[in-house]
Every structure is written in structure tokens, then in C-alpha cells.
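**Q**
2 protein chains.
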Amino acid sequence: MSEKFSQKRTLSGVIAKLKTAGLRPTRQRIALAKLLFEPNDRHVTAEDLHKKAITASISVSLATVYNTLHQFTQKDLLREVVVEPGRSYFDTNTDDHHHFFNENTGSLEDIPSDQIFVSALPSAPLGTKVRRVDVIVRVEEAAD
Amino acid sequence: MSEKFSQKRTLSGVIAKLKTAGLRPTRQRIALAKLLFEPNDRHVTAEDLHKKAITASISVSLATVYNTLHQFTQKDLLREVVVEPGRSYFDTNTDDHHHFFNENTGSLEDIPSDQIFVSALPSAPLGTKVRRVDVIVRVEEAAD
DNA sequence: TCAATAGATTAGAACGGTTCTAATGAAGGA
DNA sequence: TCCTTCATTAGAACCGTTCTAATCTATTGA
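Protein chains in written order, with this note's numbering: chain H, 811 to 954; chain C, 811 to 954.
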């Protein structure tokens, strides 16, 4: 019963989130948002999310997964992380933060912004302004 | 005459560079190395370098350009920079340094390592060790 | 409640950068 | 020089992503 309530709250929360972002709460977007916006943060690829949806018996096309990820990113519900050529990760944590990237396993891990500090930068090239600073700490399996 | 000498020096320098790296100085590798290792640093894509070679009447296949870029990267003559999904840049500057990336134009610009400072990091995930820290300052054309 | 319509979803084709294949060619040692 | 090993090649294959244009659905206003 408290479960039912929390489920309901989640659903309406998701719908509110979409509406606030200016996105129609369609069946597919609601379902994908529910998969994405769970308590703990995630780093997913389009393929990941599509598989996950299919596994959860949510019928959604890969094209819609891509559309949705991009729309969510544009509305600041997600953040795109580029660490490898030829594959994009989407991060449900949109706070200012950085990443560990394991080059052997392909796994990403957040580094909270208060655990890393980047000094004042040189000024941006003429006619440009800074949009974001990404720090990627590339790690590999220890030899030992 | 001094030009002839410097050209000769460049050629033998390139050959020495390849041999030192443990790579056979083949016609194609020599030609590509000459295009890459000019005095000022460059950020090239495979496509860029291939076009440049063809323009310079150097007959080399795209496959060889890819092979060569990867071999050079592996031998620390180049460094791969990942800033966009679906396209790799190769940087002739292998010193410790970072980048400005203009998201509107796709252009990369070096930030010397003495112009930016990253604080002590949190420790790497268990069983891993840090290989490299990449700072990418993403800029966009100023609204003005 | 019911159109009308603007926007979303879809399957599958197309795309673009990269990698693979297997056949030919070149470098270097004996 | 011959032989072996490694490099190069054209073109096909690959794979993540985007596009297309047909169908469907959420929303709005009557």
C-alpha cells in the first residue's frame, strides 16, 4: 500500500518532470523516464536503455530512445558524456561533476565536484565563452 | 642549399623517429609523419590527414592512414583526443596538456599544462590506476 | 465528447566514421 | 639475391546514430 502510493507518486512525479521540461508525457517518454530517474545515478548508452526497456516489456523503438535521450539532454534532465569515439553515454546526474572512466571495462563513475578542483582557466579563445569544463580521469586495471 | 640541408635533416629525423619507435620507415609512414610533425602542433582527423596527403600527391589509402595514426598513438608519437561522439582527433602534442573545444566549429586548441591546475584527485576506483587526466573546456560562440 | 491538428513514434533504410579481409607489395636479414 | 616478415591496399563490412515518410496519439477548442 505504501508501495502503491510511492509508485503513484513516482508516476505523477515523472509526468510533472516532463511537463515542466516542456515535453509531452507520452507513454514512451514516461516509461523511459521511469527507467532512468531512479534514486541512484546511472550512465547509460542508447543501446543499454533500449535493451532495458524491451526486457521490461516496454515496446519502444530505438529511434525513440535516441530522440528521448537527446530531448532530455536538451532540457537538462540528462547530460551527455563523451569518453570513447563511437559511443555516447548519458548521465542522469546533471549536477556539476566529473568522471572516472575505466578504459578496460568501459565503466563510468562520478566524481563529485567537491572532490576535484580545477584552477582558474586561461581565457577562452576570442569570441567564445565557456559552456562547461569536463574532467575525465582515465584509469586502467592495475597491473598487479 | 640550406633548404636542401634542412629538408634532408627533416627526412632523416623522421626516419630516426620511426626507427626509435620500433616502426619500419615505409614510404607511407614517412610521408604521413612529415605531414604531421611540422613545427607547430596540430589536431587532425583521419579524414583530414588523408585529404592532405592526397592533395600533396602522396598516394596512401585511408586504411593506412588509420593504421598509422593508431600505431603512432601507441608509440606515443601522437595522442588521441575524444571530444565528440563519432570522430577522433589526433594531437601531435604529446606533452601533458589540455584542450579548449569549440562545439560550434569543432576546433580544438591546446591549453598548456602550466595554465591549468587540477587538484589532488580522489583515489581511483579499487583495482585501477590513473593513466591520464583530460580536461576539456567546452566553449561556444559568444552570443554577442 | 469529439474532431482537428500539432507533435510523437515507428520500421527500416541510409549514413559516416572506422575496422576488417584477403590479396599484393615492400623492407630488411641471411 | 632470395626469403620471410611486415605493411599496404581496395573495397566490403560494421556499428552506432540519424533520417524518412507513414502511422499514431496527446492536446485543444468547439
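Cβ coordinates follow ideal geometry from the N, Cα and C atoms, glycine included.
Mapping DSSP to helix, strand and coil, what is Ser-898/C?
**A** The DSSP-derived three-state label of Ser-898/C is strand.
**Q** CA-CA distance, His-853/C and Leu-918/C?
**A** 7 Å
**Q** Could you tell me which chain C residues have their CB closer than 7 Å to the CB of Thr-938/H, listed as they occur along the chain?
**A** Asn-912, Val-949, Glu-950, Glu-951 and Ala-952
**Q** Check Lys-939/C in the structure and name its three-state DSSP category.
**A** strand
**Q** Of all the CB atoms in chain H, is at least one closer than 8 Å to the CB of Arg-897/C?
**A** For Arg-897/C, the answer is yes, since a Cβ of chain H falls inside 8 Å of its Cβ.
**Q** Classify Gln-817/H as helix, strand or coil using the three-state DSSP reduction.
**A** Residue placement at Gln-817/H is flagged as unreliable, the pLDDT there being 46, under the threshold of 50; the coordinate-derived value follows with that caveat. The answer is helix: DSSP assigns Gln-817/H an H, G or I state.
**Q** Determine the chain C residues that contact Ser-929/H at a beta-carbon separation under 7 Å, and present them in chain order.
**A** Ile-926 and Phe-927
**Q** Pull up the CB-CB distance for His-909/H and Val-891/H, whole angstroms please, since I reckon it's below 8 Å.
**A** At roughly 6 Å, the Cβ-Cβ gap stays under 8 Å, so His-909/H and Val-891/H are in contact.
**Q** Report the rounded CA-to-CA distance for Gly-823/C versus Lys-844/C, giving the unit in angstroms.
**A** 10 Å
**Q** Leaving out five residues on either side along the sequence, give the residues of the same chain with a beta carbon under 8 Å from the beta carbon of Asp-906/C.
**A** Ser-923
**Q** Alpha carbon to alpha carbon, how far is Phe-900/C from Leu-888/C? Give it in angstroms, no decimals.
**A** Distance between Leu-888/C and Phe-900/C, taken at the CA atoms: about 6 Å.
**Q** Per DSSP, which one or two residues make a beta bridge with Leu-828/C?
**A** Beta-bridge pairing links Leu-828/C to no other residue.
**Q** At 4 residues or longer, what runs of the alpha helix (DSSP H) sit wholly inside the segment 865 to 932 of chain H?
**A** DSSP runs (the alpha helix (DSSP H)) wholly in the segment 865 to 932 of chain H: 872 to 884.
**Q** Between which two residues does the alpha helix (DSSP H) harbouring Arg-837/C extend?
**A** 837 to 846
**Q** In three-state DSSP terms, what is Asp-858/C?
**A** Residue state for Asp-858/C is assigned as helix, using DSSP reduced to three classes.
**Q** Identify, in the order they occur along the chain, each residue of the same chain with its Cβ nearer than 6 Å to the Cβ of Phe-815/C, setting aside the five sequence neighbours on each side.
**A** Because Phe-815/C sits at a pLDDT of 42, beneath the cut-off of 50, its placement in the model cannot be relied upon, and the following sentence gives the value as read from the coordinates. Within the same chain, Phe-815/C has no close Cβ partners at all.
**Q** Let me check understanding here. Comparing Cα to Cα, which of Val-893/H, Val-947/H, Ala-856/H and Ile-864/H lies closest to Asn-877/H?
**A** Ala-856/H
**Q** By how many angstroms is the C-alpha of Ala-863/H removed from the C-alpha of Val-947/H?
**A** 30 Å
**Q** Less than 8 Å between CB atoms is the rule here; does Lys-814/H satisfy it with respect to chain C?
**A** Because the pLDDT of Lys-814/H is 41, which lies under 50, any placement of that residue in the model is unreliable, and the number read from its coordinates should be weighed accordingly. Closer than 8 Å: no.
**Q** Leaving out the 5 sequence neighbours to the left and right, which residues in its chain are closer than 7 Å to Thr-902/H when beta-carbon positions are compared?
**A** Leu-846, Phe-847, Asp-851, Arg-852 and Leu-888
**Q** Rounded to the nearest angstrom, what separates Leu-859/C and Ala-826/C at their Cα positions?
**A** 21 Å
**Q** Between the Cα of Leu-936/C and the Cα atoms of Gln-838/H, Thr-938/H, Glu-950/H and Ile-840/H, which residue gives the shortest distance?
**A** Glu-950/H
**Q** Here's the rule: buried if 16 or more other CB atoms are within 10 angstroms of the residue's CB, otherwise exposed. What is Ser-774/H?
**A** Because chain H spans 811 through 954 in this model, residue 774/H falls outside it and cannot be assessed.
**Q** To which residues of the same chain is Thr-938/H closer than 7 Å at the C-beta, ignoring the five residues directly before and after it?
**A** none
**Q** Tell me, please, which residues DSSP counts as bridged to Arg-948/H.
**A** Answer is Phe-911/H and Arg-942/C, bridged to Arg-948/H.
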